[in-house]
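Q: The structure that follows is given in the form of structure tokens.
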Amino acid sequence: MLDSSIEEDFELNVKWISTAVASILLATAIGAAPAVSAKEETPEIQNESIYDVLIDRFFDKNVENDYNINAKDPKAFHGGDFDGIATKLSYFQDLGFTMLSLGSVFSSETYDGQAVVDYNKIERHFGTGKEFSSLIGTLHKNHIKTMADFPINNVSKNHAWVLEKGHQDWYELANSDRINWNTSNTAVQDALVQAAVDFVGKYKVDGIRLTELGKANTEFLNKMITALKQKNKDLYVITNEPSYADFDLKVNKDTIDTYQSIFKNVDQDSSQLEKPLGNSINDTSQKPVALMLDDLYSARFTHASAEENMFPPTRIKVALGAIMTLPGVPIVSYGTEIAQNGVTTDESHAPMDFRTKDDIISYIEDLQSVRNKSKALRTGKFKLLENKDGLMVYERYAGKEKWIIVVNNTDKTKRYVLDPSVIGNNKELHGIFEKDIVRQQKEDEKYNIVLDRELVEFYQVTDHKGINIPYMIALGLVYVIFITFIVLLLRRGRRGKKA
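See the structure below:
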């Protein structure tokens, strides 16, 4: 028997070796593709993937800003802050998202930052302006961009502008607690534009999401977008609503309903797979689309799958595998990686539970590891090859880089026969996750792809090269490391007995 300290070392090192094995094999699997990191390119929103959080519900690090918090009240502040976000830096790095959406950070009467009382002040429960700037700087140093919301309407009736004299024609009541701005008033337009421009100038965020558009017309929204771009030409300006304004990202109203309907269960009608993509498919003159399974104010995708008596983690993985490879920008709500549930915001805005360890997390890490290295998967052309009875097959390609994505959203193993006219003769299809390799048996013969139920596979197309030398070297290296570790462990055990 090994003593307890050696057993602990063994468990820790086996875990480390297992992680190393997965990393090495995944790296060799995608190493042959021409890869361009999203971090190295001129900013284009197609290169991003966005993780959407609520600061108050993510992590409470600084107790000094816990003013009258009540974690038992779903409508109260719970204590999450900028320092809490910064503390979880390694978590964001592991997930691989390139942009962190923080929501509204303005002084607000509500924990989600939407009932704004002053566009010139930072919400004290979240921290100070200095702490916000520090958070942005920390994220930037680690190649993570930041985005904040700017609510145009549905702000607090106690907003600083409402309380100023002479502003009676600036607003109208939305309900007993909120007001909407009269955006047809030029003075209101100028004030909103200036507030947004001042914010992006002071805090160096990489993106602004204009929310609660209300009656704001396209002309005014374009005026606001232009002013923000003049302040920072690389700034992303998006919204979370359908709009004809010149936003960097298009939102289609049916996206969430469409993808929840397709992926909540197996064998669903997937004929609408391309509908949320609109006219953006392969048209560079069109703005890319937002790809979402849910958002922070909709029912969670987990709820849709649970209502079907399905296992949510499996459903989430299949759905994410698809939206991470369709043309557009994936936006993922915090908690998706732990199958967070909920219909109303009281339920779906639960505090992030870091004690929950789900394999969705490692799956997202693997998805992002591939997507972030692949120009084709981020910005390449798209061609749908098959979409029938829950089996979806499509091609993503850019230059010499080519992928075949197979989504088996059925309850049975499926076979797809790929014609060589699509990828050519004498090619190999390397499955990234299931590790299978598909080849022709002879020239002009079709490629037979077989995939088990409820799986998504990314097949990298390469020239036929026979044995994968880098893969074999990596595999041999793993065995050498493991054997060396065992030898050292045994020697240490003998020394312990002699002592």
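So for the sequence shown, full-length UniProt numbering puts the first residue at 1; every next one is plus one.
For every residue, glycine included, the Cβ atom is placed at its ideal position computed from N, Cα and C.
Output the distance between the C-alpha atoms of Asn153 and Phe220, rounded to the nearest integer angstrom.
A: About 14 Å.
Q: How long is the line joining the alpha carbons of Pro450 and Ser280, rounded to whole angstroms?
A: Residue identity check: residue 450 is Val in the sequence provided, not Pro. When rounded, the distance between both Cα atoms is 30 Å.
Q: So, helix, strand or coil for Asn47, using DSSP?
A: Asn47: helix per DSSP, three-state reduction.
Q: Grab me the residues of Gly328's own chain with a C-beta within less than 6 Å of its C-beta, minus the 5 sequence neighbours each way, in chain order.
A: Excluding sequence neighbours, Gly328 sits near Pro288, Val289, Leu291.
Q: Between which two residues does the alpha helix (DSSP H) harbouring residue 500 extend?
A: The structure shown has nothing for residue 500, since the chain only spans 1 to 499.
Q: What whole-angstrom Cβ distance do Pro351 and His78 have, given they're in contact under 8 Å?
A: Rounded, the Cβ-Cβ distance is 6 Å, consistent with contact.
Q: Is Arg378 closer than 8 Å to Asn341 when the C-beta atoms are compared?
A: Taking 8 Å as the Cβ cut-off, Asn341 and Arg378 do not qualify as a contacting pair.
Q: I'd like the list of long-range same chain contacts for residue 509, defined as Cβ closer than 6 Å, with 5 residues on each side in sequence excluded.
A: Only positions 1 to 499 of the chain appear in the structure, and residue 509 is not among them; the question remains open.
Q: Alpha carbon to alpha carbon, what distance is there between His349 and Glu386?
A: Roughly 37 Å between the two C-alpha positions.
Q: Is there contact here, the segment 108-120 with the segment 389-401, by at least three beta-carbon pairs under 8 Å?
A: Because the criterion of three Cβ pairs below 8 Å is not met, the segment 108-120 and the segment 389-401 do not touch.
Q: State buried or exposed for Lys381, treating a residue as buried only when at least 16 other CB atoms are found within 10 Å of its CB.
A: Flag for Lys381 reads exposed.
Q: So, is Ala187 buried or exposed, given that buried needs 16 or more other C-beta atoms within 10 angstroms?
A: Exposed is the call here.
Q: Suppose contacts are defined by Cβ-Cβ distances below 8 Å. Is Asn409 in contact with Val343 by that definition?
A: The answer is no: Cβ separation not under 8 Å.
Q: Check whether the Cβ atoms of Arg178 and Ser156 sit closer than 8 Å, and answer yes or no.
A: For Arg178 and Ser156, yes; Cβs fall inside 8 Å.
Q: Rounded to whole angstroms, what's the CA-CA distance from Gly399 to Ser374? Just pull it up for me.
A: Looking at the two C-alpha atoms, the distance is approximately 11 Å.
Q: Let me know the secondary structure DSSP gives Gly137 once reduced to three states.
A: Helix.
Q: Since Met99 sits in a beta bridge, which residues does DSSP pair it with?
A: Its beta-bridge partners are Ile50, Lys145.
Q: Using CA coordinates, which residue listed in Asn222, Leu277, Glu172, Phe263 is at the minimum distance from Leu326?
A: Cα-wise, what sits closest to Leu326 is Leu277.
Q: Taking 8 Å as the threshold (C-beta atoms), are Lys427 and Asp452 in contact?
A: Against a cut-off of 8 Å, the Cβ pair of Lys427 and Asp452 comes out as no contact.
Q: Considering Cα atoms alone, identify which of Lys215, Val53, Lys165, Asp283 is closest to Asn185.
A: For Asn185, the nearest C-alpha among the options comes from Lys215.
Q: Using 8 Å as the Cβ pair cut-off and three pairs as the minimum, do the segment 227-236 and the segment 203-210 touch?
A: With a cut-off of 8 Å, the segment 203-210 and the segment 227-236 count as touching, because enough Cβ pairs lie within range.
Q: Taking all protein chains shown into account, decide if Ser49 is buried (16 or more other Cβ within 10 angstroms of its Cβ) or exposed.
A: Buried is the call here.
Q: Can you find at least 3 beta carbon pairs, one from the segment 195-203 and one from the segment 217-231, that sit closer than 8 Å?
A: Segments in contact, yes.
Q: Hey, Ile256 and Leu293: beta-carbon distance below 8 Å or not?
A: Cβ distance < 8 Å, so Ile256 and Leu293 count as in contact.
Q: Apart from the five residues on each side of it in sequence, which residues of its chain come closer than 6 Å, Cβ to Cβ, to Ala304?
A: Excluding positions up to five away in sequence, the list reads Gln260, Lys264.
Q: Where does the unbroken beta strand (DSSP E) through His430 begin, and where does it stop?
A: Looking at the DSSP string, the run of the beta strand (DSSP E) that includes His430 is 427-431.
Q: Taking all protein chains shown into account, do 16 or more other C-beta atoms lie within 10 angstroms of the C-beta of Ser37, making it buried, or fewer, making it exposed?
A: Unreliable placement is indicated for Ser37, whose pLDDT of 45 sits below 50; no coordinate value is reported for it.
Q: Tell me whether Lys39 sits in a helix, a strand or coil according to DSSP, three-state version.
A: Summary for Lys39: the model assigns pLDDT 45, below 50, so the residue's position carries little reliability; its value from the coordinates is reported in the next sentence. If DSSP states are grouped into helix, strand and coil, Lys39 belongs with the helices.
Q: Note the first and the last residue of the continuous alpha helix (DSSP H) segment covering Leu228.
A: Its alpha helix (DSSP H) spans residues 218-231.
Q: Within its chain, find whatever has a CB closer than 6 Å to the CB of His159; leave out the 5 residues flanking it on each side and keep chain order.
A: If we look at His159 and ignore the five residues flanking it on each side, its Cβ neighbours are Val117.
Q: Closer than 8 Å, CB to CB, is Lys75 near chain C or not?
A: In the structure shown, chain C does not exist; there is a single protein chain.
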